[in-house]
Amino acid sequence: MTDTATAKAQPTTPEAQLALFRSRREEAVVQPSGSLALVNTQWIDSEQPVWGVPGLWAPLPDGESGLQVTATADDGIVVDGQLVDGTAVVRGKDAESPSTIVFSETVSGFVIAGEEGGYALRVWDANSEAIQNFGGIDAFDYNPDWVITGSFVENPAGTTVGFEHLKDNGATREKVVPGLIDFEKDGQSYSLAAFKAGRALQLVFADATNGDSTYSVGRFLFVAPNPDGSITLDFNRAILPPCAFSYSFNCPLPPKQNRFPVPIEAGEKNVLAKDGSLLH
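Note that the working numbering has the sequence shown beginning at 3, numbered continuously upward.
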């Protein structure tokens with residue numbers, strides 16, 4: 003039997019492709035390091051305990067990546083495969099080889115770096131209350147009206163836009179914006195700021211459905227320019243930001259130019275509990 007014969011048939015219609023995309027999304031958020039598993043993000047500026055896990059956590063000297071943990075063998079903290087009995091360095095995600103942390107069979111962690119310095123411990127629980135109570139991601143039906151072709155216009159190198167984050171009390175962080183995405187819809191022209199997210203471009207946007215039929219903070223859309231310079235925006239693949247799943251995330255908020263005055267009735271709406279109510 004050939005590989006072709008044994009391969010699963012791939013969905014061919016937009017509706018079927020979207021259904022597959024959404025099923026994978028629901029699988030991803032309940033993984034051991036999925037969005038629903040994050041139970042704490044705690045910034046460390048002095049020696050201190052961290053809620054939910056053992057040990058004392060402290061900053062390292064300036065210029066060094068990560069945190070220092072002090073614990074006894076009875077605490078059961080394993081860093082990079084070694085049981086901590088005394089002190090250990092936990093390298094951050096900005097290091098060439100980040101450290102892994104295991105607290106128990108279900109609880110793990112890693113250290114993230116702040117954009118303006120400092121480090122935080124993130125704690126993940128593969129059996130979190132949110133995972134146990136997760137009922138699904140509510141979403142609009144496929145809407146062909148919100149599949150749009152636009153153009154990508156590159157910015158001069160180093161162009162930045164200030165993005166406010168949910169927990170930053172109005173302060174903004176400058177993010178490099180490699181280009182703008184221009185398009186027209188229903189006679190209205192739009193020029194959206196997109197920043198780099200790996201190999202893709204990330205749109206952080208808001209629209210008139212937020213706080214009504216969709217999550218109040220806004221949504222994300224990941225896109226990539228086509229070889230001819232055009233860009234396809236399929237808002238049916240708009241997703242909820244991580245902060246819709248866990249309060250321990252700090253999500254960017256849509257900049258002014260990315261706030262649509264009209265409803266975008268496509269994409270994900272809200273995170274639901276098993277009884278159909280909002281999970282958050």
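Just so you know, even glycine gets a beta-carbon here, dropped at the ideal spot from N, CA and C.
Limits of the beta strand (DSSP E) - the one that residue i falls within
i: R175; result: T174 to V178
i: F247; result: Counting along the chain, F247 falls outside any beta strand (DSSP E), and DSSP gives it neither H nor E.
i: F337; result: A question about residue 337 goes unanswered here, because the residues of the chain that appear run from 3 up to 282.
i: T151; result: V149 to E156
i: N272; result: E270 to A275
i: T59; result: The sequence shown places Trp at residue 59, rather than the Thr named in the question. Where W59 is concerned, the enclosing beta strand (DSSP E) stretches over V55 to P61.
i: L69; result: L69 to A73
i: D184; result: G181 to K187
i: P51; result: Q50 to V52
8 Å Cβ cutoff, residue i in contact with chain D
i: D209; result: In the structure shown, chain D cannot be found, because there is only a single protein chain.
Per-residue DSSP class, three states only, for residue i
i: L255; result: coil
i: Q84; result: strand
i: I133; result: helix
i: V32; result: coil
i: L168; result: coil
i: N238; result: helix
i: D286; result: Lying outside 3 to 282, the shown extent of the chain, residue 286 is not represented and no answer is given.
i: T4; result: Any answer about T4 is weak, because its pLDDT of 49 lies below 50 and its placement is not dependable; what the coordinates show is given next. Here T4 sits in coil by DSSP.
i: R221; result: strand
i: A202; result: strand
i: Q19; result: helix
i: A196; result: strand
i: S110; result: strand
i: D76; result: helix
i: P227; result: strand
CB-CB length for residue i against residue j, believed under 8 Å
i: N238; j: L20; result: 5 Å
i: V125; j: G111; result: 5 Å
i: S48; j: A30; result: Contact flag wrong, Cβ pair sits at about 35 Å.
i: E176; j: G164; result: 6 Å
i: A75; j: G57; result: No, A75 and G57 are not in contact; Cβ-Cβ is about 12 Å, not under 8 Å.
i: L235; j: Y217; result: Their Cβ separation, rounded to whole angstroms, is 19 Å, which puts L235 and Y217 out of contact at 8 Å.
i: F262; j: A210; result: 7 Å
i: A301; j: V179; result: Residue 301 cannot be examined here, being either before or after the span of the chain that is shown, 3 to 282.
Extent of the continuous alpha helix (DSSP H) to which residue i belongs
i: I46; result: Not the alpha helix (DSSP H): I46 falls in the beta strand (DSSP E), residues L40 to I46.
Local Cβ density within 10 Å of residue i, reported as buried at 16 or more and exposed below that
i: R221; result: buried
i: S193; result: exposed
i: A226; result: exposed
i: D127; result: buried
i: N228; result: exposed
i: L182; result: buried
i: A11; result: exposed
i: A240; result: buried
i: A199; result: exposed
i: S101; result: buried
- prompt: With a cut-off of 8 Å, do at least 3 Cβ pairs link the segment 259-271 to the segment 123-142?
  reply: Output reads yes: the segment 123-142 touches the segment 259-271.
field: Three CB pairs or more closer than 8 Å across the segment 64-71 and the segment 111-123
entry: Yes, the segment 64-71 touches the segment 111-123.
query: Does the segment 242-258 come within contact of the segment 195-212, defined as at least 3 CB pairs closer than 8 Å?
result: Contact holds: three or more Cβ-Cβ distances are below 8 Å.
message: Across the segment 231-250 and the segment 25-39, are there enough close Cβ pairs to call them in contact, namely three or more that are closer than 8 Å?
response: Because the criterion of three Cβ pairs below 8 Å is met, the segment 231-250 and the segment 25-39 touch.
Stretch-stretch touch, CB-based, cutoff 8 Å, three pairs: the segment 149-163 with the segment 176-186: Touching, per the Cβ criterion.
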